[in-house]
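One structure is given below, encoded as structure tokens.
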Amino acid sequence: TTIYLKDYTPFGYLVDSVHLTFDLTPHATRVTSRIAFRPNPNATDRTFFLHGEELTLIRAAIDGGEITPELSDKGLTAITPDAPFIWEAEVEIDPGNNTALEGLYMSNGMYCTQCEAEGFRKITYYPDRPDVMSTFTVRINGDLPVLLSNGNPTAKGEGWAEWTDPWPKPAYLFALVAGDLIAHPGQFTTMSDREVELNLWVRPGDEGKCAFGMEALKKSMKWDEDVYGREYDLDVFNIVAVDDFNMGAMENKGLNIFNSSAVLASPETSTDANFERIEAIIAHEYFHNWTGNRITCRDWFQLCLKEGLTVFRDAQFTSDMRSAPVKRIHDAIDLRSRQFPEDNGPLSHPVRPESFQEINNFYTATVYEKGAEIIGMLKRLVGDEAYAKALDLYFDRHDGQACTIEDWLKVFEDTTDRDLSQFKRWYSQSGTPRIAVAEAWDDGTYTLTLSQRTEPTPGQDDKQPQVIPVAVGLLGPNGDEVRSTEVLELTETEQSFQFTGLAARPVASILRDFSAPVILEQDQTNSERAFLLAHDTDPFNRWQAGRSLAQDTLLRMISDEAAPDADYLDGLLSVLRDGELDPAYRALMLGLPAQSELAATLYERGDTPDPMAIWAAVETLRQATAQHMQDLLPRLHGEAMVDAPYSPDAEQSGKRALGSAALALTSRLDGGAMAADAYANADNMTLQLTALSCLLRARKGEEELAGFYDQWKHDRLVMDKWFGLQVSMASPEATPKTARALTEHPDFNWKNPNRFRAVMGALAMNHAGFHQTDGTGYQLLADWLIRLDPVNPQTTARMCAAFQTWTRYDAGRQDLMRAQLTRIAETPNLSRDTTEMVSRILGA
Ligand code: ZN
Numbered sequence: 007t008t009i010y011l012k013d014y015t016p017f018g019y020l021v022d023s024v025h026l027t028f029d030l031t032p033h034a035t036r037v038t039s040r041i042a043f044r045p046n047p048n049a050t051d052r053t054f055f056l057h058g059e060e061l062t063l064i065r066a067a068i069d070g071g072e073i074t075p076e077l078s079d080k081g082l083t084a085i086t087p088d089a090p091f092i093w094e095a096e097v098e099i100d101p102g103n104n105t106a107l108e109g110l111y112m113s114n115g116m117y118c119t120q121c122e123a124e125g126f127r128k129i130t131y132y133p134d135r136p137d138v139m140s141t142f143t144v145r146i147n148g149d150l151p152v153l154l155s156n157g158n159p160t161a162k163g164e165g166w167a168e169w170t171d172p173w174p175k176p177a178y179l180f181a182l183v184a185g186d187l188i189a190h191p192g193q194f195t196t197m198s199d200r201e202v203e204l205n206l207w208v209r210p211g212d213e214g215k216c217a218f219g220m221e222a223l224k225k226s227m228k229w230d231e232d233v234y235g236r237e238y239d240l241d242v243f244n245i246v247a248v249d250d251f252n253m254g255a256m257e258n259k260g261l262n263i264f265n266s267s268a269v270l271a272s273p274e275t276s277t278d279a280n281f282e283r284i285e286a287i288i289a290h291e292y293f294h295n296w297t298g299n300r301i302t303c304r305d306w307f308q309l310c311l312k313e314g315l316t317v318f319r320d321a322q323f324t325s326d327m328r329s330a331p332v333k334r335i336h337d338a339i340d341l342r343s344r345q346f347p348e349d350n351g352p353l354s355h356p357v358r359p360e361s362f363q364e365i366n367n368f369y370t371a372t373v374y375e376k377g378a379e380i381i382g383m384l385k386r387l388v389g390d391e392a393y394a395k396a397l398d399l400y401f402d403r404h405d406g407q408a409c410t411i412e413d414w415l416k417v418f419e420d421t422t423d424r425d426l427s428q429f430k431r432w433y434s435q436s437g438t439p440r441i442a443v444a445e446a447w448d449d450g451t452y453t454l455t456l457s458q459r460t461e462p463t464p465g466q467d468d469k470q471p472q473v474i475p476v477a478v479g480l481l482g483p484n485g486d487e488v489r490s491t492e493v494l495e496l497t498e499t500e501q502s503f504q505f506t507g508l509a510a511r512p513v514a515s516i517l518r519d520f521s522a523p524v525i526l527e528q529d530q531t532n533s534e535r536a537f538l539l540a541h542d543t544d545p546f547n548r549w550q551a552g553r554s555l556a557q558d559t560l561l562r563m564i565s566d567e568a569a570p571d572a573d574y575l576d577g578l579l580s581v582l583r584d585g586e587l588d589p590a591y592r593a594l595m596l597g598l599p600a601q602s603e604l605a606a607t608l609y610e611r612g613d614t615p616d617p618m619a620i621w622a623a624v625e626t627l628r629q630a631t632a633q634h635m636q637d638l639l640p641r642l643h644g645e646a647m648v649d650a651p652y653s654p655d656a657e658q659s660g661k662r663a664l665g666s667a668a669l670a671l672t673s674r675l676d677g678g679a680m681a682a683d684a685y686a687n688a689d690n691m692t693l694q695l696t697a698l699s700c701l702l703r704a705r706k707g708e709e710e711l712a713g714f715y716d717q718w719k720h721d722r723l724v725m726d727k728w729f730g731l732q733v734s735m736a737s738p739e740a741t742p743k744t745a746r747a748l749t750e751h752p753d754f755n756w757k758n759p760n761r762f763r764a765v766m767g768a769l770a771m772n773h774a775g776f777h778q779t780d781g782t783g784y785q786l787l788a789d790w791l792i793r794l795d796p797v798n799p800q801t802t803a804r805m806c807a808a809f810q811t812w813t814r815y816d817a818g819r820q821d822l823m824r825a826q827l828t829r830i831a832e833t834p835n836l837s838r839d840t841t842e843m844v845s846r847i848l849g850a
């Protein structure tokens with residue numbers, strides 16, 4: 007069944023309070039609920055339907071009188087009084103056998119929950135929809151030392167604890183944790199001088215991986231006060247690390263639950279990239295307390311209301327904590343590699359979808375990351391001051407409510423007097439807009455003509471022009487900036503913008519700071535790109551110029567067997583030589599477009615991408631780059647050798663990123679000799695893993711790989727890296743075999759999503775390896791998706807996206823991929839999650 011946005015109706019009842027009692031036992035947990043309902047004056051339909059799935063109903067009563075509700079596999083209906091009443095129910099559930107990791111489940115002997123989006127209905131009968139909000143009181147009975155739920159602790163004794171959450175919330179924010187856990191404590195004083203007790207709860211053995219997460223939490227709390235004026239609103243804030251978790255983390259009120267990979271860190275076991283990601287996720291979940299919890303979503307179609315805004319806020323936080331240009335470049339790389347394929351393929355959907363079968367399939371890069379880009383565009387269009395005012399109004403006006411995108415846009419309209427009806431298309435129109443650029447120069451006047459177009463996407467044949475902020479600056483012939491950044495508002499299909507009074511024809515720097523999530527189609531010459539690479543004052547576009555040069559030379563190497571381009575190699579060399587430039591930024595300069603991205607570009611040009619040809623071109627360009635920079639490499643590598651105790655901060659990690667990139671290039675010249683040395687001397691995971699990956703890429707490092715296993719076999723998060731690295735570093739031909747062999751390893755706990763993704767995610771990401779012409783990559787992935795589906799539909803469905811680009815490739819590969827997709831689709835009892843994904847990918 008498909009659910010539509012247009013069908014929204016409010017629930018017939020309001021909930022005044024919820025009391026829950028849990029009697030925890032692994033296979034027969036009892037959940038007793040006592041809920042105060044009253045008729046909703048704003049609703050007409052009084053059907054009393056409560057969601058409930060996989061529950062055994064023991065007893066139900068209304069106002070103390072036992073009743074026999076009508077049960078289905080989706081929930082129950084009952085006859086209710088036409089006045090306020092008390093609903094009581096007792097159900098039994100089986101957390102010990104809950105492998106889907108949704109609802110109440112167990113992970114290593116610990117009870118935990120994941121209720122977003124629709125998991126609460128697997129805990130008890132309830133109107134499990136985000137617009138039904140209530141206060142919750144929870145009593146947990148269980149013989150485990152730590153018993154946690156939302157809100158503030160209000161009472162406890164031997165074997166029980168009671169928690170009260172005073173803030174009305176939807177059921178998806180409910181959480182419960184019970185286990186043998188150790189607290190890493192902390193403390194925060196809020197802007198109005200309230201003391202908040204902080205705890206990061208982990209399993210024994212993980213105590214040494216908490217300090218960084220705790221500091222990140224405190225920084226997030228402070229930042230949200232300083233920048234958004236948002237204060238925390240409970241006496242305690244708890245975070246729990248869980249090994250078995252489908253996503254990154256969850257913002258349950260006062261009790262955030264994290265995938266252990268998204269919170270636990272130590273220098274010995276985590277890379278710089280892990281630290282940065284953890285800092286961002288902690289911030290993200292904490293920021294949800296206001297954007298998501300205090301103000302929540304009316305229905306799941308509005309998911310981007312909380313996710314787009316919260317991703318935007320965590321990006322602002324990271325820019326403030328670290329380097330803003332580096333963060334912006336990371337985000338553009340991420341958008342192009344994860345969101346663009348979604349937006350331009352069979353899974354394309356609007357940031358606010360209009361229908362779905364399984365909402366878990368819409369926790370996507372489009373909703374999250376493109377959703378965040380929309381907020382960024384809005385802020386750029388209205389300006390920082392108006393943005394701040396609009397946000398104040400949003401918090402003021404909607405605190406305690408379940409809102410829509412219309413509510414969100416209205417606060418901007420009310421603070422700025424702008425009409426945002428055209429801008430709103432960003433929420434309803436799917437597909438990535440393309441902007442074509444035409445330039446003219448006449449007697450001191452430079453004319454820039456921009457035209458926009460969006461290709462048809464599933465269900466949307468005709469596209470309307472969108473409001474696109476295009477940040478532009480102009481450089482004069484000497485490289486000086488003759489016009490500083492100006493935001494052009496492209497609203498028509500085609501529009502011209504004039505710059506007058508110029509002494510000479512300028513070079514335009516267009517889409518500075520990646521001011522919109524679009525594809526820029528600009529016929530730049532390589533000498534213009536090299537000019538911008540040398541002179542652009544906008545760090546994003548300076549990087550982009552290098553990236554365009556790289557892409558251009560790669561495409562010509564692939565299609566015309568051209569040699570690596572000298573403009574690219576020389577330009578890169580001079581940027582890398584510039585010791586004034588941030589090392590992190592220089593490391594980014596050394597990056598290349600992803601092979602899948604090159605495949606997309608070739609496909610869009612009307613060519614059929616050949617993954618092996620793409621792979622070979624990248625290898626050749628890497629080799630040429632190594633040779634071209636040979637003399638510089640030792641110096642660059644030296645910059646990584648930080649002469650201070652390890653810190654994951656922006657400065658040190660930037661240096662290590664540059665050093666690592668230099669080591670990777672060096673390994674192409676010395677067969678891995680320097681990497682072997684670096685491996686032996688590594689005293690943190692960043693350097694250890696970089697060195698190991700260089701060795702594997704040089705087809706060496708067998709001994710080191712075995713040594714790494716012995717050193718780290720006790721650490722699940724490090725072992726995930728060990729599994730993943732072997733698949734990502736394998737040669738294309740060996741990739742499927744390597745992945746298959748790893749699935750036979752005794753430590754391949756495939757029911758653990760992190761371990762499953764370590765192998766299968768790496769397989770799907772290894773472009774040339776996954777797309778081997780014998781189809782073994784496709785088959786291996788499909789075998790495992792079919793196996794995982796009955797155990798964990800959510801993770802299975804997500805990973806089906808590995809096939810979303812199948813129509814880009816040659817007929818042989820298409821046939822092989824279609825066959826695997828069809829095999830998955832025809833599997834008996836396939837989950838609703840996976841069924842929806844596979845049928846969308848197949849275009850059915
Ligand atoms: Zn979120």
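All you need for full-length UniProt numbering is the position in the sequence shown, starting with 1, plus 6. The C-beta atom is built at its ideal place from N, Cα and C for all residues, glycine as well.
#1: For my contact list, Arg300 and Gly377 are in at a C-beta cut-off of 8 angstroms; report their separation, rounded to the angstrom.
#2: Tell me, to the nearest whole angstrom, how far the beta carbon of Glu527 is from that of Arg440; I am working on the premise that it is less than 8 angstroms.
#3: When burial is assigned at 16 or more other CB atoms within 10 Å of the CB, is Pro462 buried or exposed?
#4: Suppose you measure from the CA of Phe401 to the CA of Gln629; what does that come to, to the nearest Å?
#5: Does the region 516-527 come close enough to the region 580-593 that 3 or more CB-CB pairs lie under 8 angstroms?
#6: At the level of alpha carbons, what is the spacing between Thr497 and Gln658?
#7: Tell me whether Asp29 sits in a helix, a strand or coil according to DSSP, three-state version.
#8: Given a cut-off of 8 angstroms on the beta-carbon distance, is the pair Ile847 and Phe362 in contact?
#9: Would you say Phe313 touches the ligand ZN, meaning its beta carbon is less than 7 angstroms from a heavy atom?
#10: Would you mind listing the alpha helix (DSSP H) stretches within the region 542-623 that are 4+ residues and don't spill past its ends, in chain order?
#11: To the nearest angstrom, how far is it from the Cα of Leu206 to the Cα of Ala289?
#12: With a threshold of 7 angstroms on Cβ separation, who are the neighbours of Thr297 within its own chain once the five nearest residues in sequence on each side are excluded?
#13: Tell me Val21's beta-bridge partners as DSSP assigns them.
#14: When we look at the beta-carbon of Ala667 and count the other beta-carbons within 10 Å, is it buried (16 or more) or exposed?
#15: Would you say the beta carbon of His290 comes nearer than 7 angstroms to a heavy atom of the ligand ZN?
#16: Consider the C-beta atom of Glu257 and the heavy atoms of the ligand ZN; say whether any pair is separated by less than 7 angstroms.
#17: Assuming Gly482 contacts Ala510 (C-beta within less than 8 angstroms), just tell me the rounded distance between them.
#18: Does DSSP classify Ser226 as helix, strand or coil?
#19: Just checking Thr316 against the ligand ZN - is the residue's beta carbon closer than 7 angstroms to any of the ligand's heavy atoms?
#20: Please report the distance separating the alpha-carbon of Val183 from that of Asp171.
#21: Does Gln472 pass the burial test, meaning 16 or more other C-beta atoms within 10 Å, or should it be called exposed?
#22: With distances taken Cα to Cα, identify the nearest neighbour of Lys12 among Glu567, Val581, Pro738 and Gln308.
#23: Using the C-alpha atoms, what's the distance from Ala371 back to Gln345?
#24: Shortest alpha-carbon distance to Ser78 belongs to which of Glu60, Thr607 and Val233?
#25: Less than 7 angstroms separating the Cβ of His720 from some heavy atom of the ligand ZN?
#26: For Leu261, tell me which candidate among Pro512, Thr196, Asp137 and Phe243 has the shortest Cα-Cα distance.
#27: Name, in chain order, the residues that DSSP records as bridge partners for Cys303.
#28: Gln810 by DSSP, collapsed to three states: which one?
#29: May I ask which residues mark the beginning and end of the beta strand (DSSP E) holding His57?
#30: Can you find a heavy atom of the ligand ZN that lies under 7 angstroms from the Cβ of His25?
#31: Would you give the residue range spanned by the beta strand (DSSP E) that Tyr715 belongs to?
#32: At what residues does the beta strand (DSSP E) containing Gly192 begin and finish?
#33: Counting pairs of Cβ atoms below 8 angstroms between the region 143-163 and the region 221-230, do you hit three or more?
#34: Taking the DSSP output, what are the residues bridged to Thr455?
#35: What separation, rounded to the nearest whole angstrom, lies between the Cα atoms of Ser602 and Arg342?
#36: Enumerate in chain order the residues of its own chain whose CB-to-CB distance from Pro273 is below 6 angstroms, with the five nearest sequence positions on each side excluded.
Let's see:
#1: In the sequence shown, counting from the first residue as 1, residue 300 sits at position 294. In the sequence shown, counting from the first residue as 1, residue 377 sits at position 371. Not quite, the Cβ-Cβ distance comes to about 19 angstroms (not below 8 angstroms), so this is no contact.
#2: Residue 527 sits at position 521 when you count from the first residue of the sequence shown. Residue 440 sits at position 434 when you count from the first residue of the sequence shown. The Cβ separation is near 6 angstroms, so the contact holds.
#3: Residue 462 sits at position 456 when you count from the first residue of the sequence shown. Pro462 sits exposed, since fewer than 16 C-beta atoms from the chains shown fall within 10 Å of its C-beta.
#4: As a position in the sequence shown, residue 401 is number 395, starting the count at 1. As a position in the sequence shown, residue 629 is number 623, starting the count at 1. Distance between Phe401 and Gln629, taken at the CA atoms: about 54 angstroms.
#5: They do not touch, by the three-pair rule.
#6: Sequence index remark: in the sequence shown, residue 497 carries index 491 (1-based). Sequence index remark: in the sequence shown, residue 658 carries index 652 (1-based). Cα-Cα distance, rounded: 43 angstroms.
#7: Position 23 of the sequence shown holds residue 29. Here Asp29 sits in strand by DSSP.
#8: If you number the sequence shown from 1, residue 847 lands on position 841. If you number the sequence shown from 1, residue 362 lands on position 356. No; because the gap between Cβ atoms is not below 8 angstroms, this pair is not in contact.
#9: Position 307 of the sequence shown, counting from 1, holds the residue named residue 313. One detail in the question is off: residue 313 reads as Glu in this sequence, not Phe. Checking every heavy atom of the ligand ZN against the Cβ of Glu313, one is found closer than 7 angstroms.
#10: As far as the region 542-623 is concerned, its whole alpha helix (DSSP H) runs of at least 4 residues are 545-566, 572-583, 589-595 and 601-610.
#11: Position 200 of the sequence shown, counted from the first residue, corresponds to residue 206. Position 283 of the sequence shown, counted from the first residue, corresponds to residue 289. Whole-angstrom Cα-Cα distance: 14 angstroms.
#12: By 1-based counting over the sequence shown, the position of residue 297 is 291. Setting aside the 5 residues that flank it on each side, Thr297 is surrounded in the same chain by Lys312, Leu315, Thr316 and Arg319, each with a C-beta closer than 7 angstroms to its C-beta; the list follows chain order.
#13: Sequence index remark: in the sequence shown, residue 21 carries index 15 (1-based). Within the DSSP secondary-structure output, Val21 pairs in a beta bridge with Phe43.
#14: Within the sequence shown, residue 667 is the residue found at index 661, counting from 1. Classification of Ala667: buried, given that the 10 Å Cβ count is 16 or more.
#15: Your numbering for residue 290 matches position 284 in the sequence shown. Distance from the C-beta of His290 to the nearest heavy atom of the ligand ZN is below 7 angstroms.
#16: By 1-based counting over the sequence shown, the position of residue 257 is 251. Yes, Cβ of Glu257 sits closer than 7 angstroms to a heavy atom of the ligand ZN.
#17: Counted from its first residue, the sequence shown places residue 482 at position 476. Counted from its first residue, the sequence shown places residue 510 at position 504. Going by Cβ atoms, the distance from Gly482 to Ala510 rounds to 6 angstroms, so yes, they are a contact pair.
#18: Locating residue 226 in the sequence shown gives position 220, counting from the first residue. Ser226 falls in the helix class under three-state DSSP.
#19: Mapped onto the sequence shown, residue 316 falls at position 310. In this structure, Thr316 has its CB closer than 7 angstroms to one or more heavy atoms of the ligand ZN.
#20: In the sequence shown, the residue the question calls residue 183 occupies position 177. In the sequence shown, the residue the question calls residue 171 occupies position 165. The straight-line gap from Cα to Cα measures roughly 15 angstroms.
#21: The residue you call residue 472 lines up with position 466 of the sequence shown. Buried.
#22: Numbered from its first residue, the sequence shown carries residue 12 at position 6. Ranked by Cα distance from Lys12, the first of Glu567, Val581, Pro738 and Gln308 is Gln308.
#23: For this step, residue 345 is matched to residue 339 along the sequence shown. For this step, residue 371 is matched to residue 365 along the sequence shown. Rounded to the nearest whole angstrom, the C-alpha separation of Gln345 and Ala371 is 5 angstroms.
#24: Within the sequence shown, numbered from 1, the residue matching residue 78 stands at position 72. The shortest Cα separation from Ser78 among Glu60, Thr607 and Val233 belongs to Glu60.
#25: Against the sequence shown, residue 720 aligns to sequence position 714. Checking the Cβ of His720 against the ligand ZN gives no.
#26: Looking up residue 261 in the sequence shown gives position 255. When Pro512, Thr196, Asp137 and Phe243 are compared, the shortest CA-CA separation from Leu261 is found for Phe243.
#27: The residue given as residue 303 occupies position 297 in the sequence shown. DSSP lists Cys409 as partners of Cys303.
#28: Reading the sequence shown from its first residue, position 804 is the one you call residue 810. Gln810 carries a coil assignment under DSSP once its states are collapsed to helix, strand and coil.
#29: For the purposes of this step, residue 57 is taken as the residue at position 51 of the sequence shown. Segment Phe54 to His57, the beta strand (DSSP E) holding His57.
#30: Looking up residue 25 in the sequence shown gives position 19. Not under cutoff, so the answer is no.
#31: Along the sequence shown, one-based indexing puts residue 715 at 709. Element bounds for Tyr715: not the beta strand (DSSP E) but the alpha helix (DSSP H), Glu708 to Trp718.
#32: Position 186 of the sequence shown holds residue 192. Ile188 to Thr195 is the extent of the beta strand (DSSP E) around Gly192.
#33: Flag = no, the region 143-163 and the region 221-230 do not touch.
#34: Walking along the sequence shown from the start, residue 455 turns up at place 449. For Thr455, which the question treats as bridged, DSSP gives the partners Ala444 and Ser502.
#35: As a working note, residue 602 is residue 596 in the sequence shown. As a working note, residue 342 is residue 336 in the sequence shown. Rounded to the nearest angstrom, the two C-alpha atoms are 10 angstroms apart.
#36: In the sequence shown, counting from the first residue as 1, residue 273 sits at position 267. Answer for Pro273: Tyr652 and Asn690, listed in chain order.
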